[in-house]
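Those protein sequences? They're chains A and B, same order as listed.
All residue numbers for the first sequence refer to the numbering used here, where the first residue is 61 and numbers rise by one.
All residue numbers for the second sequence refer to the numbering used here, where the first residue is 35 and numbers rise by one.
Every residue gets a Cβ at the ideal spot worked out from N, C-alpha and C, and that includes glycine.
Notes for the one structure printed next.
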Amino acid sequence: MRVVRDTDLGRLLTRRALIVGGLQVGLFGLLFSRLYSLQIAQGGRFRTLADENRISTRLVLPERGRILDRNGTVLAMPEKNFRADLLPEQTPDIRATLQRLFSLLNFEPAEQQRILKDIKRSHSRLPVLLRDNIDWETLALLELYTPELPGVMIEAGEVRNYPFKENTAHIVGYVGAPTDQEAGDDALLNEPGFRIGKSGVEKFYEENLQGEPGSVQLEVNAYGQQVRELTREESTSGEALKLSLDINLQEFAQNRLLQERSASAIIMDALDGGIYAMASHPSFDPNLFSYGITKENWGKMNSDSLTPLFNKTLTGTYAPGSTFKVVVALAALEDGVNPHTHVFCPGYMDLGNHRFHCWKKGGHGGMDMHNGIVQSCDVFFYHLGQKVGIDKIAEMAARLGLGAKTGIDLPHEKPGLIPNSEWKKKQFTEGWQPGETLVAAIGQGYILATPLQMAVATARISSGLKIAPHIIHPDSEAEKPVFAPLGLKPSSLAFIRDAMIGVVSPGGTAAASRIGVPGYEMGGKTGTSQVRRITRAQRARGVPKNEDRPWEERDHALFIAFAPSQNPRYVATVVVEHGGGGSKAAAPIARELLIETMKRDPAKTLPAPLVMPVSVKPVPAPEEDEELFQEDEELPGAVGQ
Amino acid sequence: MFSTHAHDPDLHFSEKLRYLPWGFVFVVMLLSLFGVAMLYSAGGASWKPWAATQLYRVIPGLLLMLAIGLVDIRFWYRWSFLLYASALLLLVAVVAIGHTGMGAKRWIRMGIFVLQPSAYMKVVLAMVLAKYFHQLTYEQIGNPLRLFTPAGLVLVPAALILIEPNLGMATLLVLFSAAVFFLAGVRWWIFGLLGVGVPFAAQQAWKHLHDYQKQRLLTFINPEQDPLGSGYNIIQSKIALGSGGLFGKGFGMGTQSQLNFLPEKHTDFIFVVLAEEMGLMGAVLLLVLFFILIAYGYVISLNCRHQFGRLLGLGLTTSFFLYVLTNVAMVTGLIPVVGIPLPLVSYGGSVMLAFYIACGLLLSIAIHKDARLDGSAPQ
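Following this line, the structure appears as structure tokens:
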């Protein structure tokens with residue numbers, strides 16, 4: 061039942077209009093509050109989102125620092141190249157864009173797969189590399205079709221150029237794209253086309269060479285096209301690095317080694333440890349890596365038994381052979397052994413039921429320490445080693461820098477190995493055997509050293525200082541390294557040097573390689589590193605000469621040297637793999653290297669650089685000079701070890 | 035029973051001009067120019083491609099509005115049903131032969147014009163509903179059987195529009211008709227019944243929705259779920275609005291609209307261009323202009339002395355309000371994107387023309403508020 065009967069439709073309408081109108085005012089209020097909430101309360105958040113929409117921040121890659129030799133010759137430098145990238149976040153339809161791209165340019169199926177995989181893995185903000193090192197024709201084509209390829213960008217990048225190619229490959233190293241592990245979350249390392257040092261100075265001094273990235277903020281529209289540049293922070297180029305290397309000497313050394321199948325050589329400053337040349341042969345062209353090396357090339361280099369990718373001066377470990385005799389002699393002298401005590405060499409020495417041979421079949425006869433070194437008499441050193449003992453020998457070796465990394469500022473260095481009795485016990489259950497001391501005394505057995513370690517030992521003997529090698533050239537006098545004295549008696553060192561001069565003098569094992577110019581002579585020590593064991597049966601048949609054996613079974617030839625002999629400034633180490641005897645194969649190379657070094661005199665300390673008289677020529681090596689370590693032989697009737 | 039013409043002398047032209055609510059005309063003009071200005075900005079601070087075309091429509095549109103306003107309200111009263119019948123025919127034609135645009139048949143080509151009959155339908159529907167209820171007494175209105183005819187008048191075109199399909203427009207049509215029914219005096223219990231019945235009907239309707247419409251409704255619930263799909267538009271719209279702040283980024287400086295992150299910036303999302311570039315201040319200014327327009331509509335309608343004018347005026351005003359509400363609620367993410375333009379401001383010919391016609395009718399009501407119409411129910 062109705063209480064009020066309002067029949068006046070007009071008044072009813074007015075009342076109801078007020079209800080509807082009130083509702084509308086309320087809804088207007090809702091709109092206002094919504095606008096307030098979006099524009100004022102949440103305004104900051106939406107401003108950020110709007111900026112994220114329109115602003116695309118990209119890194120400006122820093123220019124990699126150049127690498128120079130000691131005289132400022134460029135060994136590694138950046139060179140411009142062009143590449144195409146894809147920015148996924150600015151590509152509305154990645155699939156369509158890629159399809160268009162693949163139809164425009166010829167992409168191998170493998171390359172397409174790689175791109176798709178990269179896109180799947182990458183964050184959408186980071187560009188993905190489409191193609192590197194694009195030529196002008198492709199560049200023009202891509203520019204032309206830019207509107208159809210949203211998100212595809214042409215970027216000017218840089219590649220590393222190594223003008224001296226094979227000649228500096230092992231020292232300077234090369235660059236390559238970082239692995240996923242290396243890149244991690246680092247934005248710079250994840251940039252396509254960015255390269256980091258993979259070996260050599262490029263790797264060791266990566267931080268110095270890399271530089272600091274800048275950034276550029278671009279305003280882009282909804283289709284990812286760049287509208288304008290907002291801000292730009294320039295990148296900081298990497299540091300230019302000056303090496304102690306003398307490129308002329310380096311080229312000379314590397315070229316000289318071309319005559320061998322596999323060899324390495326070092327020329328180092330005897331007083332400041334600077335490396336003038338560090339040659340390793342065979343080598344490779346590091347420029348191949350700059351442009352992304354092909355799988356085929358990489359496989360070939362990696363599987364090559366001559367290991368062109370390795371710097372043999374750091375990574376090659378060899379039994380030092382007779383070069384180690386200077387270490388043994390020094391240990392003996394410091395231990396108070398009288399160098400003038402004579403030992404008779406009949407050509408062998410028996411210990412227990414084993415016979416240890418001297419390289420000289422008939423024996424050397426009476427030997428003192430000087431002649432023992434000069435003629436490299438094995439028997440003399442068997443006796444000396446016995447007298448001094450392995451632990452004192454090992455201690456001296458360590459003092460001279462053997463058995464541990466030298467700490468040179470290059471990657472991948474090997475520590476080598478200097479055994480002592482403790483080490484033997486730890487490695488094998490049985491203790492040190494007396495026979496092993498004899499083997500160690502002539503630098504064979506467990507002992508392993510890198511050519512660099514041998515160079516350091518030679519420099520320490522030459523200078524009496526704790527020389528450490530380095531490849532970076534100190535910028536100023538203040539930065540020049542100062543080395544502590546070794547703490548060895550000057551008389552001992554002088555005795556060893558004198559003996560080493562004797563090695564390169566008439567009657568010495570490397571007499572043929574003497575320089576022959578007074579004041580510029582060298583001192584040195586030959587070494588032959590035996591590769592395989594000689595069995596009794598072989599000895600019975602007569603040990604074949606190196607030349608008659610297959611290359612892989614020939615001995616390594618070693619030579620360590622310093623010059624000028626009376627006032628040593630330069631040291632050299634030469635290792636010719638499977639080169640035969642050190643005196644024949646290695647010493648002549650060391651001679652040539654030291655002559656060239658003294659001619660150029662990079663340290664600028666010689667009274668006058670060496671001028672070779674035309675008449676002086678290396679004397680052909682005498683037949684007798686064959687220096688081959690003859691391993692222990694079981695005596696007849698002996699029971700095997 | 036029926037009043038005569040005797041006490042309702044025809045007005046002279048000069049009198050009509052005197053009675054013309056010039057304030058209302060001014061607000062309509064201001065809104066139109068606001069639209070042109072925003073289209074100029076949306077076009078990249080250029081008359082092309084939208085601002086100039088829009089301006090060429092605004093001028094004849096305003097003239098058409100004045101012309102319609104000067105026509106005697108009795109003329110519109112008399113021809114209401116015929117106009118309605120013609121609009122219905124057009125709607126049927128659209129469903130049958132309509133031009134497909136944006137996945138829906140909404141337009142019909144008539145020579146150089148593209149006609150959107152649903153926009154006209156809403157105007158003429160207000161006319162027939164006003165005329166129908168004008169002729170009923172309070173008691174008659176109380177009789178539910180009397181409501182079948184007007185319900186049919188609403189539901190037939192609404193169904194046709196839904197088939198097009200244009201869910202937004204159909205909903206708007208029903209909503210503003212409901213307002214007319216309510217204002218006409220339809221009893222409360224009817225609305226109570228509908229309050230229960232409609233949700234049920236909606237459930238049934240859901241089954242017949244276009245996939246994109248379902249998707250729109252679903253995406254609305256959680257737009258972030260699919261940022262590059264249907265939710266993309268509304269997210270970009272909110273970013274544009276929100277980043278505008280209090281004073282905006284400056285005319286022609288809206289990054290979202292100028293860099294094309296904002297979709298449909300010249301039509302459904304024109305309000306966002308304004309809000310981004312002129313900030314909350316600009317947005318509120320525009321809403322205040324609409325509020326004034328609607329308030330004007332109320333004043334004109336309530337001042338009218340015949341039920342036809344009152345109902346027609348309030349119907350058209352409510353329809354206006356619903357457009358504004360729906361559009362702004364849509365671009366601010368309060369309701370799903372249903373494709374409703376902002377009256378007088380959005381770019382688009384036929385929809386605009388319908389708004390000018392509606393404004394013209396309001397003018398006619400204002401001028402002829404004292405007219406005596408045939409068939410009014412005894413007071």
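| Query | Result |
| --- | --- |
| Ignore the nearest five residues each way along the sequence and tell me which others in Glu171 of chain A's own chain have a CB closer than 8 angstroms to its CB. | Arg191 |
| Could you tell me which residues DSSP puts in a beta bridge with Pro138 of chain A? | A:Arg220 |
| Whether or not the stretch 619-628 of chain A and the stretch 399-418 of chain A are in contact is what I'm after, with contact meaning three or more pairs of Cβ atoms, one per stretch, closer than 8 angstroms; do they touch? | no |
| Could you check if Arg52 of chain B is buried or exposed, using at least 16 other CB atoms within 10 Å of its CB as the buried criterion? | exposed |
| So which residues on chain D does Val318 of chain B lean against when the C-beta distance must stay under 8 angstroms? | Although the question refers to chain D, the structure presented lacks it and instead comprises the protein chains A and B. |
| From the DSSP secondary-structure annotation, give me the bridge partner or partners of Gly231 of chain B. | According to DSSP, Gly231 of chain B bridges with nothing at all. |
| Would you tell me roughly how many angstroms separate the C-alpha atoms of Gly445 of chain A and Val388 of chain A, rounded to the nearest one? | 7 angstroms |
| Which whole-angstrom value describes the C-beta separation of Thr151 of chain A and Gly211 of chain A, a residue pair presumed to lie in contact below a C-beta threshold of 8 angstroms? | 3 angstroms |
| Determine the chain A residues that contact Lys299 of chain B at a beta-carbon separation under 9 angstroms, and present them in chain order. | None at all; the shortest Cβ gap to chain A is about 11 angstroms. |
| Taking Leu546 of chain A as the reference, give the member of A:Arg459, A:Ala559, A:Val499 and A:Ile556 with the closest Cα. | A:Arg459 |
| Which stretch, first to last residue, makes up the beta strand (DSSP E) that contains Arg415 of chain A? | His414 to His417 |
| By the criterion of Cβ-Cβ separation under 8 angstroms, what are the contact partners of Gln99 of chain A in chain B? | Leu275, Gly276, Gly278, Gly279, Leu280, Ala309, Gly313, Leu314 and Ala317 |
| Any beta-carbon of chain A closer than 8 angstroms to the one on Gly219 of chain B? | yes |
| Taking the alpha-carbon positions, what's the Phe488 of chain A to Val448 of chain A distance? | 23 angstroms |
| Output the distance between the C-alpha atoms of Val516 of chain A and Arg255 of chain A, rounded to the nearest integer angstrom. | 33 angstroms |
| In terms of residues, what are the limits of the beta strand (DSSP E) holding Phe370 of chain A? | Here Phe370 of chain A belongs to no beta strand (DSSP E), and DSSP marks it neither H nor E. |
| Can you say whether Met136 of chain B is buried or exposed, counting buried as having 16 or more other CB atoms within 10 angstroms of its CB? | The pLDDT assigned to Met136 of chain B is 47, lower than 50, so where the model puts this residue is not dependable, and the model offers no usable value. |
| Give me the Cβ distance between Val235 of chain A and Ser350 of chain A, rounded to the nearest whole Å; I'm assuming they're in contact under 8 angstroms. | 6 angstroms |
| In terms of residues, what are the limits of the alpha helix (DSSP H) holding Phe355 of chain B? | Gln341 to Val365 |
| Beta carbons nearer than 7 angstroms to chain A: which residues of the stretch 339-351 of chain B have them? | Gln341, Arg344 and Leu348 |
| In this structure, how does DSSP classify Gly202 of chain B when only helix, strand and coil are distinguished? | helix |
| What is the DSSP secondary structure of Val635 of chain A, reduced to helix, strand or coil? | strand |
| Quick one: which residues of the stretch 91-103 of chain B get their C-beta closer than 7 angstroms to a C-beta of chain A? List them in chain order. | none |
| Where does the unbroken beta strand (DSSP E) through Thr239 of chain A begin, and where does it stop? | Neither: Thr239 of chain A is in no beta strand (DSSP E) and is coded neither H nor E. |
| Measure from the alpha carbon of Ala100 of chain B to the alpha carbon of each residue in B:Val62, B:Gly286 and B:Val128, then state which is nearest. | In the sequence on display, residue 100 of chain B carries Leu and not Ala. Of B:Val62, B:Gly286 and B:Val128, the residue nearest in Cα terms is B:Val62. |
| Pro119 of chain A touches chain B at which residues, Cβ-Cβ below 7 angstroms? | Here residue 119 of chain A is Leu; the residue named in the question, Pro, does not match the sequence. In chain order: nothing, as chain B lies at least about 22 angstroms away. |
| Rank B:Pro55, B:Ser66 and B:Gln174 by C-alpha distance to the C-alpha of Asp68 of chain A and give the top, closest one. | B:Gln174 |
| Arg143 of chain A and Gly253 of chain A look like a contact to me (Cβ under 8 angstroms); what is the Cβ gap, rounded to whole Å? | 5 angstroms |
| Using C-beta distances below 6 angstroms, list every residue in its chain close to Tyr74 of chain B, excluding the 5 sequence neighbours before and after it, in chain order. | Ala85 |
| To the nearest angstrom, report how far apart Phe264 of chain A and Leu470 of chain A are at their CA atoms. | 6 angstroms |
| Does any C-beta atom of chain B lie closer than 8 angstroms to the C-beta of Gln102 of chain A? | yes |
| Report the residue ranges of all alpha helix (DSSP H) runs contained in full by the stretch 35-115 of chain B; include only those spanning at least 4 residues, in chain order. | 47-53, 56-76 and 85-104 |
| Interface residues of chain B around Val711 of chain A at Cβ under 8 angstroms? | Nothing about residue 711 of chain A can be reported from this structure: the residues present for chain A run from 61 to 701 only. |
| What's the call for Met287 of chain B, buried or exposed, on a 16-neighbour Cβ count within 10 Å? | exposed |
| For Gly425 of chain A, verify whether its CB is less than 7 angstroms away from any heavy atom of the ligand SAH. | The ligand SAH is not among the ligands present in this structure, which contains no ligands whatsoever. |
| Opposite Thr296 of chain A in the DSSP bridges: which residues? | A:Glu272 |
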